[in-house]
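Numbering of the sequence shown is given in my numbering, commencing with residue 517 and proceeding in unit increments.
Quick notes on the structure that follows.
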Amino acid sequence: MPISPPPVRRWRPEYIPAYLSNGVIGLRAGPIPLIEGVAIVNGLAAVDPVEKGEGFARGPYPIGGDLEIDGAKLSRLPGQSELVEQAYDFASSELTSRFSFRSGETTATVEVLTFCSRSLPTVVLQDVQVRVDRPCRLVVTAKVDPTGISGTWQSRETATPDADKPVVDGSMLWETHGGLSTCGAAYITQFDGGDGVERRREEHDELAPLSTSYTVQARPERRYVLRQYTSLVPSQAHHEPHRQATRLVGMAARRGFDQLRDENRGAWAEIWKGRIKLIGADQRWQALADAAYYYLHASAHSSSLFSTSMFGLAYWPNYHYYRGHVMWDIEAFMFPTLLLTAPESAYALLEYRVQRREAAERNAAMHGYRGLQFPWASGPRHGEEVIRLSAPQLAFEQHISLSVAHAFAQYVHATGDEDYLRETAWPMLEGVANWLVSRAVKTERGYE
Numbered sequence: 517m518p519i520s521p522p523p524v525r526r527w528r529p530e531y532i533p534a535y536l537s538n539g540v541i542g543l544r545a546g547p548i549p550l551i552e553g554v555a556i557v558n559g560l561a562a563v564d565p566v567e568k569g570e571g572f573a574r575g576p577y578p579i580g581g582d583l584e585i586d587g588a589k590l591s592r593l594p595g596q597s598e599l600v601e602q603a604y605d606f607a608s609s610e611l612t613s614r615f616s617f618r619s620g621e622t623t624a625t626v627e628v629l630t631f632c633s634r635s636l637p638t639v640v641l642q643d644v645q646v647r648v649d650r651p652c653r654l655v656v657t658a659k660v661d662p663t664g665i666s667g668t669w670q671s672r673e674t675a676t677p678d679a680d681k682p683v684v685d686g687s688m689l690w691e692t693h694g695g696l697s698t699c700g701a702a703y704i705t706q707f708d709g710g711d712g713v714e715r716r717r718e719e720h721d722e723l724a725p726l727s728t729s730y731t732v733q734a735r736p737e738r739r740y741v742l743r744q745y746t747s748l749v750p751s752q753a754h755h756e757p758h759r760q761a762t763r764l765v766g767m768a769a770r771r772g773f774d775q776l777r778d779e780n781r782g783a784w785a786e787i788w789k790g791r792i793k794l795i796g797a798d799q800r801w802q803a804l805a806d807a808a809y810y811y812l813h814a815s816a817h818s819s820s821l822f823s824t825s826m827f828g829l830a831y832w833p834n835y836h837y838y839r840g841h842v843m844w845d846i847e848a849f850m851f852p853t854l855l856l857t858a859p860e861s862a863y864a865l866l867e868y869r870v871q872r873r874e875a876a877e878r879n880a881a882m883h884g885y886r887g888l889q890f891p892w893a894s895g896p897r898h899g900e901e902v903i904r905l906s907a908p909q910l911a912f913e914q915h916i917s918l919s920v921a922h923a924f925a926q927y928v929h930a931t932g933d934e935d936y937l938r939e940t941a942w943p944m945l946e947g948v949a950n951w952l953v954s955r956a957v958k959t960e961r962g963y964e
């Protein structure tokens with residue numbers, strides 16, 4: 517089994533929240549994930565507010581929530597909460613967060629389990645379990661929350677067209693900053709709280725986060741459980757992403773939390789069969805190797821049709837994270853390991869280049885060459901050059917195509933797939949070869 521990081525029991529301001537991902541959705545979940553976190557969706561694009569060019573976009577936070585004890589809300593009184601422990605299990609890619617929240621004489625202890633599904637990769641699941649130490653009025657809330665991200669509402673629905681009863685708790689369509697793309701979201705909740713539960717959804721405020729609240733007269737001897745399924749779909753994957761998210765989250769709820777959790781654990785067990793074991797190294801080095809292996813595989817998936825970036829789908833507002841651009845480092849450094857340990861994910865990274873072949877052809881033409889010249893920094897939508905304008909010297913960095921071509925050759929050598937060679941890899945290899953020939957200049961030393 518891999519070595520997971522030690523649990524965090526005391527949060528420090530310099531810490532960056534835990535990164536959870538399946539290669540399609542990436543989360544940063546804070547020590548109290550209900551009230552702090554960010555989400556990135558593979559392929560979702562926006563105009564970067566600093567550089568003014570295309571980059572990744574934050575999506576609505578799919579695992580938001582709140583807790584209320586006798587009128588006191590966690591979101592309004594975060595200082596009355598205390599982290600007990602946050603533990604990350606690399607073997608199953610599950611994050612467990614435990615904290616307490618105090619209001620007057622009453623204290624609630626909360627355990628939150630979060631994971632990104634690998635079998636339904638647009639879906640994030642969360643299980644919130646609450647216990648109280650004395651009778652109280654308890655409200656547990658689930659949210660899909662775009663608060664604090666750049667963009668605008670395009671649609672917010674709590675009813676289902678042509679249906680007497682909504683098939684999901686709610687859905688939304690969010691347009692990113694600059695209007696480059698939209699993100700659809702839909703969610704379903706399930707609550708186990710015994711008799712006398714009052715359910716309420718926010719149905720009237722068109723600008724409020726999607727939310728479902730459950731109110732009970734809580735007792736110390738009982739556990740209260742809220743489960744949330746949320747699907748996030750970018751417009752690059754579907755032209756009606758909010759409607760597709762509704763379909764996918766409905767499928768998730770019908771399959772059930774426990775089944776999806778078992779499937780996710782099974783998928784990770786398969787991935788860990790390729791674990792790299794260091795012979796003769798102490799545990800610290802093995803732990804570092806396990807962490808590198810984990811974060812690499814968490815950042816790629818056979819459904820990662822928009823490739824990945826050097827930081828995967830990790831983002832926190834402390835750094836630009838290369839704006840999520842697809843760069844040559846992916847094929848040069850990430851691809852070889854994935855080819856041996858997760859070939860379906862490696863295939864998806866190549867498919868991103870195949871689908872954007874015309875952009876590389878146009879890029880070569882603009883530089884006066886034939887063939888395929890892949891950009892230094894590729895945007896998720898069309899695969900065109902999106903590197904920042906403040907670094908004009910990067911236009912001379914033209915070795916990228918060699919790394920891309922080499923990745924296609926590696927895939928053919930590793931798989932022996934002759935059909936793939938003829939139909940897919942060869943046109944890419946030929947295109948890069950033509951580019952090399954067209955830019956070569958004969959000198960006294962040969963061709964340069």
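Beta carbons: idealized from backbone N, C-alpha and C, even for Gly.
>> Could you tell me the alpha carbon to alpha carbon distance between residue 556 and residue 654, rounded to whole angstroms?
In response: Rounded to the nearest whole angstrom, the CA to CA distance from residue 556 to residue 654 is 31 Å.
>> For residue 841, count the other beta carbons within 10 Å of its own beta carbon; 16 or more makes it buried, fewer makes it exposed. Which is it?
In response: buried
> Between the C-alpha atoms of residue 992 and residue 929, what's the straight-line distance to the nearest angstrom?
Replying inline: The structure shown does not extend to residue 992, since the chain is modelled only from 517 to 964, so the question has no answer here.
> What are the boundary residues of the beta strand (DSSP E) that residue 909 is part of?
Replying inline: Careful: residue 909 lies outside any beta strand (DSSP E) and carries neither H nor E.
> Nearest-angstrom Cα distance between residue 656 and residue 729?
Replying inline: 6 Å
> Using CA coordinates, which residue listed in 779, 783 and 808 is at the minimum distance from residue 793?
Replying inline: When each option's Cα is compared against that of residue 793, the closest is 808.
> Where does residue 799 sit, in a helix, a strand or coil, going by DSSP?
Replying inline: helix
> Count the other CB atoms within 10 Å of the CB of residue 525; is the residue buried (16 or more) or exposed (fewer)?
Replying inline: Classification of residue 525: exposed, given that the 10 Å Cβ count is below 16.
>> What does the Cβ neighbour count give for residue 604, buried or exposed, with the cut at 16 atoms within 10 Å?
In response: Around the beta-carbon of residue 604, 16 or more other beta-carbon atoms lie within 10 Å, marking it buried.
>> With a threshold of 7 Å on Cβ separation, who are the neighbours of residue 773 within its own chain once the five nearest residues in sequence on each side are excluded?
In response: 641, 643 and 743
> In terms of alpha-carbon separation, which member of 618, 912, 601 and 631 lies closest to residue 579?
Replying inline: Ranking the options by Cα distance to residue 579, first place goes to 631.
> Are the beta-carbon atoms belonging to residue 923 and residue 866 less than 8 Å from one another?
Replying inline: For residue 923 and residue 866, yes; Cβs fall inside 8 Å.
> If we count Cβ pairs, one from each stretch, closer than 8 Å, do we get three or more for the segment 595-613 versus the segment 868-887?
Replying inline: no
> Going by other Cβ atoms of all chains shown within 10 Å of its Cβ, with 16 needed for buried, is residue 932 buried or exposed?
Replying inline: exposed
> Of all the options 540, 522, 900 and 531, which has the alpha carbon lying nearest to the alpha carbon of residue 813?
Replying inline: 540
> What is the DSSP secondary structure of residue 850, reduced to helix, strand or coil?
Replying inline: helix
> Looking only at its own chain, which residues have a Cβ that is under 7 Å from the Cβ of residue 921, when we skip the five neighbours before and after it?
Replying inline: 944, 945 and 948
> In its own chain, which residues sit with a C-beta less than 8 Å from the C-beta of residue 693, not counting the 5 before and 5 after it?
Replying inline: 562, 563, 565, 573, 666 and 667
>> Relative to the C-alpha of residue 727, which candidate in 521, 658, 839 and 684 has its C-alpha closest?
In response: 658
> Within 10 angstroms of its Cβ, does residue 815 collect 16 or more other Cβ (buried), or is it exposed?
Replying inline: buried
> Is the beta carbon of residue 612 sitting closer than 8 Å to the one on residue 627?
Replying inline: yes
>> Spatial neighbours of residue 854 within its chain, please: C-beta separation below 8 Å, excluding the five flanking residues on both sides.
In response: 812, 813, 816, 861, 862 and 865
> Hey, is the segment 880-898 in contact with the segment 952-964, meaning 3+ C-beta pairs nearer than 8 Å?
Replying inline: yes
>> With the cut-off set at 8 Å, would you say residue 766 and residue 684 are in Cβ contact?
In response: yes
> Can residue 625 and residue 585 be called in contact, C-beta distance under 8 Å?
Replying inline: no
> Rounded to the nearest angstrom, how far is the Cβ of residue 829 from that of residue 559, given a contact under 8 Å?
Replying inline: Not confirmed; about 10 Å, so no contact.
> Should residue 669 be labelled buried (16 or more other beta-carbon atoms within 10 Å of its own) or exposed?
Replying inline: exposed
> Relative to the alpha-carbon of residue 832, which residue among 518, 517, 548 and 552 has its alpha-carbon at the smallest distance?
Replying inline: 552
> Under a three-way DSSP split, which group does residue 950 fall into?
Replying inline: It is helical.
>> Taking the alpha-carbon of residue 482 as reference, which of 845, 894, 619 and 687 has the nearest alpha-carbon?
In response: This structure leaves residue 482 out entirely; the chain is present only between 517 and 964.
> According to DSSP, what are the bridge partners of residue 572?
Replying inline: 561
>> Please state the DSSP three-state secondary structure of residue 926.
In response: helix
>> Just to confirm before moving on: does the CB-CB distance between residue 741 and residue 778 stay below 8 Å?
In response: No, they are not a contact pair.
> For residue 987, does the count of other Cβ atoms within 10 angstroms reach 16, so buried, or fall short, so exposed?
Replying inline: Because the chain here runs from 517 to 964, residue 987 falls outside it and cannot be looked at.
> Is it buried or exposed for residue 617, if we count other Cβ within 10 angstroms and need 16 for buried?
Replying inline: buried
> In or out: residue 801 buried (at least 16 other Cβ within 10 Å) or exposed?
Replying inline: Exposed, by the Cβ-count rule.
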